[in-house]
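Numbering (my numbering), first residue to last: 48 to 515. Yeah, the Cβ is synthetic: ideal placement off N, Cα and C, and Gly gets one too. Just so you know, these numbers come straight off a predicted model, no measurement behind them. Here is the structure we will look at.
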């Protein structure tokens with residue numbers, strides 16, 4: 048999809064340096080006449096997709112700081128980078144003034160605003176478009192908004208729920224926090240609409256857009272997080288029976304820069320390395336000077352069957368004196384300091400693992416639960432499980448947790464898995480991950496603090512999370 052910038056469409060630019068929303072009257076005026084035909088609508092949606100490419104979300108250090116570094120999967124060796132902003136996620140010393148914390152908050156609401164503009168204007172559209180086209184494009188916007196809110200509610204808990212376009216700077220911060228339950232109900236409603244109105248697939252010119260399978264898989268993950276096992280499994284059975292996706296034969300091929308949007312991929316954030324600042328090549332260990340703030344932990348390395356499991360060599364690499372690095376994503380650096388590889392958000396292996404977990408929670412001993420788990424291990428030549436070995440429900444839970452950690456390592460899943468299973472404090476306070484920090488996590492640290500600048504800008508309408 049053609050890369051367009053948010054300012055073209057008169058959206059609200061959330062300025063990280065000034066911490067306020069900048070309204071451009073000229074752009075706003077042009078936006079009033081926008082969204083009259085299919086081309087303009089697609090251009091506007093492209094801006095919403097592009098928000099995910101932000102370095103503060105999937106395009107760099109943003110989400111890994113929130114979703115991997117706090118977990119037992121990775122650690123931060125550079126304790127001074129960005130004034131220690133990254134290291135604080137590793138040692139659970141994030142405070143409300145943390146720079147990365149605020150950048151990601153702003154980037155998320157930037158993306159939500161882009162979605163809301165499409166939703167608001169398209170809902171009121173009286174132009175020359177069909178109802179089917181309108182609902183399909185609304186489905187894409189609802190999916191993108193739901194994905195962002197799902198990430199945010201797991202990071203911060205109660206947050207402002209904004210579902211309409213913000214057009215007045217005085218309204219930009221005039222929002223209080225909405226309960227987690229209400230946020231989840233909005234996410235579910237958005238994804239149900241998307242599931243009902245998105246297509247199964249697209250032609251080559253539109254690959255990368257949200258599909259029915261993507262919205263169903265994301266909604267299943269929402270239900271999994273909420274322990275609604277039956278709703279989760281019902282959706283996953285639909286995805287599996289659709290036969291739209293499959294496991295690739297070779298694990299490493301899933302992430303190959305030459306194999307984007309493959310048969311295992313359900314939704315990934317698109318990068319081509321041609322736009323300045325598009326993505327963040329510092330995640331590539333083969334690029335000189337690549338980051339040292341998201342390194343594989345010792346206990347993750349020890350968890351692999353190193354001489355048998357293909358995922359070991361495909362996920363991590365020993366760089367000698369530089370130590371161990373992430374290796375899932377590596378490729379040629381882009382032409383303008385961008386990255387060429389896409390970031391996987393949803394894939395079929397996760398569908399099988401979620402289905403296996405839901406089956407086990409509904410009723411221990413389901414043969415399909417074991418088969419789905421072993422399909423993942425069989426693909427990577429890891430030893431298969433039996434119900435003799437996994438003789439009770441808790442043993443199966445532990446096997447699922449281990450398999451998710453190995454299969455989905457560094458894919459922004461582990462911290463959220465620890466949270467939803469209630470294992471975060473137990474695991475992290477007994478973790479020896481190679482970092483210099485001895486952890487003593489408290490309950491309030493399972494959520495991150497609300498950025499202080501955002502509280503100040505709201506005139507204290509926003510309140511801080513407990514304990515900060």
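Collapsed DSSP secondary structure at residue i in the structure displayed
| i | result |
| --- | --- |
| residue 161 | helix |
| residue 343 | strand |
| residue 474 | helix |
| residue 496 | coil |
| residue 316 | strand |
| residue 167 | helix |
| residue 225 | strand |
| residue 121 | strand |
| residue 273 | coil |
| residue 511 | coil |
| residue 461 | helix |
| residue 406 | helix |
| residue 84 | coil |
| residue 71 | Because the pLDDT of residue 71 is 34, which lies under 50, any placement of that residue in the model is unreliable, and the question is left without a value. |
| residue 504 | helix |
Sequence-distant residues of the same chain with beta carbon closer than 6 Å to residue i, five excluded per side
| i | result |
| --- | --- |
| residue 108 | none |
| residue 299 | 361 |
| residue 223 | 508 |
| residue 117 | 136, 462 |
| residue 193 | 234, 237, 238 |
| residue 76 | Residue confidence for residue 76 is low, a pLDDT of 36 falling below 50, so the modelled location carries little weight; the figure read from the coordinates is stated next. Within the same chain, residue 76 has no close Cβ partners at all. |
| residue 155 | 195, 199 |
| residue 409 | 276 |
Residue i vs residue j beta-carbon contact at 8 Å
| i | j | result |
| --- | --- | --- |
| residue 399 | residue 371 | no |
| residue 219 | residue 161 | no |
| residue 415 | residue 455 | no |
| residue 494 | residue 203 | yes |
| residue 358 | residue 115 | no |
| residue 341 | residue 111 | yes |
| residue 447 | residue 407 | yes |
| residue 319 | residue 387 | yes |
| residue 428 | residue 355 | yes |
| residue 280 | residue 405 | yes |
| residue 442 | residue 283 | no |
Presumed contact (8 Å Cβ cut-off) between residue i and residue j, rounded CB distance
| i | j | result |
| --- | --- | --- |
| residue 210 | residue 233 | 7 Å |
| residue 206 | residue 230 | 7 Å |
| residue 434 | residue 417 | 6 Å |
| residue 174 | residue 83 | 4 Å |
| residue 240 | residue 189 | 5 Å |
| residue 374 | residue 390 | Not quite, the Cβ-Cβ distance comes to about 15 Å (not below 8 Å), so this is no contact. |
Nonlocal neighbours in the same chain, by C-beta distance under 7 Å from residue i, ignoring five residues either side
| i | result |
| --- | --- |
| residue 506 | none |
| residue 152 | 498, 501 |
| residue 291 | 247, 248, 260 |
| residue 250 | none |
Residues of its chain near residue i, where Cβ-Cβ distance is below 8 Å and the 5 sequence neighbours each way are ignored
| i | result |
| --- | --- |
| residue 513 | 491 |
| residue 294 | 311, 395, 396, 399, 422, 423, 426 |
Check: residue i C-beta below 7 Å from any heavy atom of the ligand GDP
| i | result |
| --- | --- |
| residue 136 | This structure does not include the ligand GDP; it has no bound ligands of any sort. |
### Query
At a cut of 8 Å, does the segment 246 to 264 reach the segment 299 to 316 through at least three beta carbon pairs?
yes
### Query
Are three or more beta carbon pairs between the segment 178 to 195 and the segment 241 to 252 nearer than 8 Å?
yes
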